[in-house]
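A.B. asks:
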């Protein structure tokens, strides 16, 4: 067995969802886009449905179709990218609810699928997806006449509770939805943590469910253990890996492990990353290769058969810090070559 | 259709392999690890076999098993990680040739599969995989008695032709293999370009086949076109995306496209990346999100239906430069959400 072992703790996942659910009086949905943040949407969504989620969010209609197959009829599946050209059959056949982002999408939807459920995404200042205030003002009465299932917007800076953008987007969202009798949604994980003013009727936690910041109390969901291929001794001055970027300062025991950026372990993490063996940290040395990483195990008192990259000692955010990115990207990058094991 | 369209030009792939093949008198193999550098090993390997490759290289035994299923009996499949614990059945059942990296692996192999083909990987200075000179000296006569099919090593700095490490590794490899009557291999793409002294009996091109540096004449193999979801107008001062990291300096036309780091487009590329619309460059603005990227299209004279991230105007190395990485990682990160299309 020379591939890494990726263990996904579905019990921790469900606990994280329940903890986020308990933080608001709103209905709690679940964001399962990008293949359930890289973990496997089928298993992830089923566990969250068992935990009580009745409303799921995906990025594109193709994901919605796969999710419908996993969940069967019943749960509502909202598609953030709305109703794009070519999406009609998927939306119809899998009973998806597109979150319409523009007048173009609204026209496409009502022409192609009159009477079919939809929601509306508003832009409250992030300038990424959703109708602008002026666009919405022009379309609002027509849209409301068609009975939208949900009206939502997305916060740009919810991970920074003190950022003035949060209150500003809240104010714009309230202005755009004043006096509407339609379920409203503004908060993903960060928004839930901002407090009740941001909760409205439906929350949409994503990263917190999967164990990442800003949900500090999240239980770790992913554990990644990588087998050691080979251990060697280096004399001081010997160099390691591509470009000779690391040289031994002392006699060094070096382990080569069977994973690399070809497994989604971001190459940029090289100079700052570490792995753990029985709870003791071992620094990564030299460049991360496609299939291999080299680790300084000099300070261990044994030769490990495998080392841990993700787990109790090091979470997705720790590894993200080493790679100069965010936990989300660590998760969605987890590669296909890992052997995946789900525990409940 | 709201997912990106990844087109893989198998004709260009075969041409790149033939061009690298023509650069040496050695037998030319092909490295197809990490799912054929992320492109799809089954199609990639079949095309390379048609082009004439008879020897393939993968990272782990699991990949070898998948490759054998694609290619059928005949071609030799070498496994860089050697014979690890748990690999025996895969090696036996799929007629794989493990490149043994240590005395431990040699013992495991001859005990578990006496008479089964193997090769030897030597460490000539990279300190990543392969037997050290002292280890090899102790084992050499025993190994040779078992009839290895190939003896190889790997260069750490082949992308830098003037790096003294190249000549040093060449010298060590020659010393370790002096007077052997076994096929030898030292060169991957970079080594082929270093010239005949590095070619020996078998070359192992990887990145050059897939269209990447250092093979400057490589034809581009991957084309990535991403649909536009929505276009909006911004007033000067409006901000875009997570963390408000980008603000409009002028009236700006902004396109939101349906791909992000959840599709393997490395998040770090944000501040420096660009996309192309009908050959005109449009800078990425704001942070790359999981499923979305925002692009400044103010200078276009039309509203594009899609934009290109990889293709004739921008290759994997250009995008790698923007992301602070190498073309290899751009390729192996290409995500599962892209619709893949192979052309010949």
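Chains as they are written, first to last, in this note's numbering: chain A, 161 to 504; chain B, 161 to 504. Beta carbons: idealized from backbone N, C-alpha and C, even for Gly.
Can you find a CB in chain B that lies within less than 9 Å of the CB of residue 400 of chain A?
C.D. replies: Residue numbering aside, residue 400 of chain A sits at position 240 when the first chain is read from its first letter. Interface residue, yes.
A.B. asks: For the alpha helix (DSSP H) holding residue 295 of chain B, just list the boundary residues, first then last.
C.D. replies: Numbered from 1 along the second chain, position 135 holds the residue referred to as residue 295 of chain B. Residues 293-305.
A.B. asks: Since residue 374 of chain A and residue 418 of chain A should fall inside the 8 Å C-beta cutoff, what is the C-beta to C-beta distance between them, to a whole number of angstroms?
C.D. replies: In the first chain, residue 374 of chain A corresponds to position 214, counting from 1. In the first chain, residue 418 of chain A corresponds to position 258, counting from 1. That pair is no contact at about 33 Å.
A.B. asks: For the candidate residues B/438, B/182, B/365, B/414, whose alpha-carbon lies nearest to that of residue 190 of chain B?
C.D. replies: Here residue 190 of chain B refers to the residue found at position 30 when the second chain is read from its first residue. Cα-wise, what sits closest to residue 190 of chain B is B/365.
A.B. asks: Between B/221, B/166, B/197, which lies nearest to residue 368 of chain B when the distance is taken from Cα to Cα?
C.D. replies: Your numbering for residue 368 of chain B matches position 208 in the second chain. Answer by Cα proximity: B/197.
A.B. asks: The segment 301-325 of chain B: which residues have C-beta closer than 7 Å to a C-beta of chain A, in chain order?
C.D. replies: 316, 317, 325
A.B. asks: Which runs of the alpha helix (DSSP H), 4 residues or longer, sit entirely within the segment 174-259 of chain A?
C.D. replies: 193-197, 201-211, 221-231, 248-253
A.B. asks: From the beta carbon of residue 284 of chain A, is the nearest beta carbon of chain B less than 9 Å away?
C.D. replies: Walking along the first chain from the start, residue 284 of chain A turns up at place 124. No, residue 284 of chain A does not count as interfacial toward chain B.
A.B. asks: So what does DSSP say about residue 171 of chain B, is it helix, strand or coil?
C.D. replies: Residue mapping note: residue 171 of chain B aligns to position 11 of the second chain, counting from 1. Annotated three-state conformation of residue 171 of chain B is helix, per DSSP.
A.B. asks: I'd like the list of long-range same chain contacts for residue 277 of chain A, defined as Cβ closer than 7 Å, with 5 residues on each side in sequence excluded.
C.D. replies: Residue 277 of chain A sits at position 117 when you count from the first residue of the first chain. So the qualifying residues of the chain are 257, 309.
A.B. asks: From B/398, B/283, B/304, pick the residue whose C-alpha is nearest to that of residue 328 of chain A; which is it?
C.D. replies: The count along the first chain starts at 1 and reaches residue 328 of chain A at position 168. Considering only alpha carbons, the answer is B/398.
A.B. asks: Quick one: which unbroken alpha helix (DSSP H) runs of 4-plus residues sit fully inside the segment 337-400 of chain B? Chain order, please.
C.D. replies: The DSSP assignment places complete alpha helix (DSSP H) segments of no fewer than 4 residues inside the segment 337-400 of chain B at 349-354, in order along the chain.
A.B. asks: What is the C-beta distance between residue 453 of chain A and residue 425 of chain A, in whole angstroms, given that I count them as a contact (C-beta under 8 Å)?
C.D. replies: The residue you call residue 453 of chain A lines up with position 293 of the first chain. The residue you call residue 425 of chain A lines up with position 265 of the first chain. By a beta-carbon distance limit of 8 Å, residue 453 of chain A contacts residue 425 of chain A. Their separation comes to about 7 Å.
A.B. asks: Going by alpha carbons, who is nearest to residue 262 of chain A out of A/479, A/252, A/241?
C.D. replies: Within the first chain, numbered from 1, the residue matching residue 262 of chain A stands at position 102. In terms of CA proximity to residue 262 of chain A, A/241 leads the group A/479, A/252, A/241.
A.B. asks: Of the residues B/164, B/188, B/486, B/169, which one's Cα is nearest the Cα of residue 343 of chain B?
C.D. replies: Position 183 of the second chain, counted from the first residue, corresponds to residue 343 of chain B. The residue with the shortest Cα to Cα distance from residue 343 of chain B is B/188.
A.B. asks: Between the C-alpha atoms of residue 460 of chain A and residue 181 of chain A, what's the straight-line distance to the nearest angstrom?
C.D. replies: Against the first chain, residue 460 of chain A aligns to sequence position 300. Against the first chain, residue 181 of chain A aligns to sequence position 21. So the two alpha carbons sit approximately 42 Å from each other.
A.B. asks: Please confirm if the segment 377-386 of chain A is in contact with the segment 461-475 of chain A, defined as three or more CB-CB distances below 8 Å between the two stretches.
C.D. replies: At 8 Å Cβ cutoff, the stretches touch.
A.B. asks: Assuming residue 194 of chain A and residue 492 of chain A form a contact by the criterion Cβ under 8 Å, report the distance between their Cβ atoms to the nearest whole angstrom.
C.D. replies: By 1-based counting over the first chain, the position of residue 194 of chain A is 34. By 1-based counting over the first chain, the position of residue 492 of chain A is 332. About 5 Å; that satisfies the 8 Å criterion.
A.B. asks: Tell me, please, whether the segment 163-173 of chain B touches the segment 201-216 of chain B by the rule of three or more beta-carbon pairs shorter than 8 Å.
C.D. replies: yes
A.B. asks: So if DSSP puts residue 165 of chain B in a beta bridge, which residue, or which two residues, is it bridged to?
C.D. replies: As a working mapping, residue 165 of chain B is identified with position 5 in the second chain. DSSP lists B/385, B/499 as partners of residue 165 of chain B.
A.B. asks: Could you give the residue range of the alpha helix (DSSP H) that holds residue 282 of chain A?
C.D. replies: Counting from 1 along the first chain, the entry for residue 282 of chain A is found at position 122. Taken as a continuous stretch (DSSP letters only), residue 282 of chain A belongs to no alpha helix (DSSP H), as it is neither H nor E.
A.B. asks: Hey, quick one: how far does the alpha helix (DSSP H) through residue 492 of chain B stretch, first residue to last?
C.D. replies: Mapped onto the second chain, residue 492 of chain B falls at position 332. Element bounds for residue 492 of chain B: 487-493.
A.B. asks: Would the beta-carbon of residue 163 of chain A fall within 9 Å of that of residue 376 of chain A?
C.D. replies: In the first chain, residue 163 of chain A corresponds to position 3, counting from 1. In the first chain, residue 376 of chain A corresponds to position 216, counting from 1. No; because the gap between Cβ atoms is not below 9 Å, this pair is not in contact.
A.B. asks: Considering Cα atoms alone, identify which of B/301, B/236, B/393 is closest to residue 127 of chain B.
C.D. replies: What the structure shows of chain B is the stretch from 161 to 504, and residue 127 of chain B is not part of that stretch, so it cannot be assessed.
A.B. asks: Residues in its own chain within less than 6 Å of residue 490 of chain B by CB, not counting five upstream and five downstream?
C.D. replies: Counted from its first residue, the second chain places residue 490 of chain B at position 330. Cβ within range, chain order: 476, 479, 480.
A.B. asks: Between the alpha carbons of residue 370 of chain B and residue 179 of chain A, how many angstroms are there, rounded?
C.D. replies: Residue mapping note: residue 370 of chain B aligns to position 210 of the second chain, counting from 1. Residue mapping note: residue 179 of chain A aligns to position 19 of the first chain, counting from 1. Whole-angstrom Cα-Cα distance: 46 Å.
A.B. asks: Are the C-beta atoms of residue 394 of chain A and some chain B residue less than 9 Å apart?
C.D. replies: Taking the first residue of the first chain as position 1, residue 394 of chain A is located at position 234. Yes, residue 394 of chain A counts as interfacial toward chain B.
A.B. asks: Out of curiosity, what's the CA-to-CA distance linking residue 435 of chain A and residue 416 of chain A?
C.D. replies: Locating residue 435 of chain A in the first chain gives position 275, counting from the first residue. Locating residue 416 of chain A in the first chain gives position 256, counting from the first residue. Rounded to the nearest whole angstrom, the CA to CA distance from residue 435 of chain A to residue 416 of chain A is 12 Å.
A.B. asks: Kindly list the residues whose CB is nearer than 6 Å to the CB of residue 250 of chain B, restricted to its own chain and excluding five residues on each side of it in sequence; keep chain order.
C.D. replies: On the second chain, residue 250 of chain B is found 90 positions in, with the first residue counted as 1. Only residues of its own chain outside the window of five on either side were considered, and among them 221, 225 have a CB closer than 6 Å to the CB of residue 250 of chain B, listed in chain order.
A.B. asks: At what residues does the alpha helix (DSSP H) containing residue 482 of chain A begin and finish?
C.D. replies: Counting from 1 along the first chain, the entry for residue 482 of chain A is found at position 322. Run containing residue 482 of chain A: 476-483, per the alpha helix (DSSP H) assignment.
A.B. asks: Compile a chain-ordered list of the residues in the segment 183-212 of chain B whose CB is closer than 9 Å to at least one CB of chain A.
C.D. replies: Listed by position, the residues of the segment 183-212 of chain B near chain A (Cβ gap below 9 Å) are 193, 194, 195, 197, 198.
A.B. asks: For residue 307 of chain A, count neighbouring Cβ atoms within 10 angstroms of its own Cβ and tell me buried if that reaches 16, exposed if not.
C.D. replies: Locating residue 307 of chain A in the first chain gives position 147, where the first residue counts as 1. It counts as exposed.
A.B. asks: Going by CA-CA distance only, name the one from A/269, A/333, A/331, A/325 that's closest to residue 302 of chain A.
C.D. replies: Residue mapping note: residue 302 of chain A aligns to position 142 of the first chain, counting from 1. Residue 302 of chain A has its Cα closest to that of A/269, out of A/269, A/333, A/331, A/325.
A.B. asks: Compute the Euclidean distance between the alpha carbons of residue 408 of chain A and residue 396 of chain A, then round it to the nearest angstrom.
C.D. replies: Locating residue 408 of chain A in the first chain gives position 248, counting from the first residue. Locating residue 396 of chain A in the first chain gives position 236, counting from the first residue. So the alpha carbons of these two residues sit roughly 5 Å apart.
A.B. asks: Quick check on the DSSP output: the alpha helix (DSSP H) that includes residue 310 of chain B runs from which residue to which?
C.D. replies: Here residue 310 of chain B refers to the residue found at position 150 of the second chain. Looking at the DSSP string, residue 310 of chain B is not in any alpha helix (DSSP H), and its letter there is neither H nor E.
A.B. asks: Can you look up residue 453 of chain A in the DSSP assignment and give me helix, strand or coil?
C.D. replies: Counting from one through the first chain, the residue named residue 453 of chain A turns up at place 293. Strand at residue 453 of chain A.
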